[in-house]
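For reference, each letter of the sequence shown is one residue, going 10 to 89 in my numbering.
Below is one structure, written out as structure tokens; comments come after it.
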Amino acid sequence: DISAHQSKSINEFQDIVFDYVVTVCDHAKRTCPFFPGKILIHRRFEDPTSYREFQRIRDEMKQWIIDTFSEEETPKDPTL
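The following block contains the structure:
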């Protein structure tokens, strides 16, 4: 149950250097502040508008993460 979870401000992460920085929508790719990262990846997913679409996109994201970031240190085939 994640009902008590809250999103964090992007400002909380500005001084952190990440191994990977992943954007998942075109708007975020264009408008988010720069985050230093060893590898920058953009993988676009549709913006869901219904519960079924949220489930489908969630499953697509999960599979992409598994396929891309399996036990290797670098992504297999990132969409950069």
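Glycine residues also receive a C-beta, built at the ideal position from the N, C-alpha and C atoms.
All values reported here derive from a predicted model rather than from experimental measurement.
Q) Quick one: Cα of Gln-64 to Cα of Glu-21, how far? A) Within the sequence shown, numbered from 1, the residue matching residue 64 stands at position 55. Within the sequence shown, numbered from 1, the residue matching residue 21 stands at position 12. Rounded to the nearest whole angstrom, the CA to CA distance from Gln-64 to Glu-21 is 28 Å.
Q. Contact check, Arg-61 vs Val-31 under 8 Å by CB: the rounded distance?
A. Position 52 of the sequence shown, counting from 1, holds the residue named residue 61. Position 22 of the sequence shown, counting from 1, holds the residue named residue 31. Arg-61 to Val-31, Cβ: 24 Å. No contact.
Q: Determine the extent of the alpha helix (DSSP H) in which Phe-63 is found, giving its start and end residues.
A: Counting from 1 along the sequence shown, the entry for residue 63 is found at position 54. Taken as a continuous stretch (DSSP letters only), the alpha helix (DSSP H) holding Phe-63 covers 60 to 77.
Q) Taking the alpha helix (DSSP H) that His-36 falls in, what are its first and last residues? A) Here residue 36 refers to the residue found at position 27 when the sequence shown is read from its first residue. Boundaries of the alpha helix (DSSP H) around His-36: 35 to 40.
Q | Beta-carbon contacts of Phe-27 that lie in its chain and below 8 Å, excluding the five residues immediately before and after | A | Your numbering for residue 27 matches position 18 in the sequence shown. Taking C-beta separations shorter than 8 Å and ignoring five residues to either side along the sequence, the partners of Phe-27 in its chain run Phe-44, Pro-45, Gly-46, Lys-47, following chain order.
Q | Under 8 Å between C-beta atoms of Asp-56 and Cys-34 | A | Residue 56 sits at position 47 when you count from the first residue of the sequence shown. Residue 34 sits at position 25 when you count from the first residue of the sequence shown. Cys-34 sits close to Asp-56, with the two beta carbons spaced by under 8 Å.
Q.
Could you check whether Phe-54 and Ile-66 sit closer than 8 Å to each other, using their CB atoms as the reference points?
A. Within the sequence shown, the letter at position 57 stands for residue 66. Within the sequence shown, the letter at position 45 stands for residue 54. Contact: yes.
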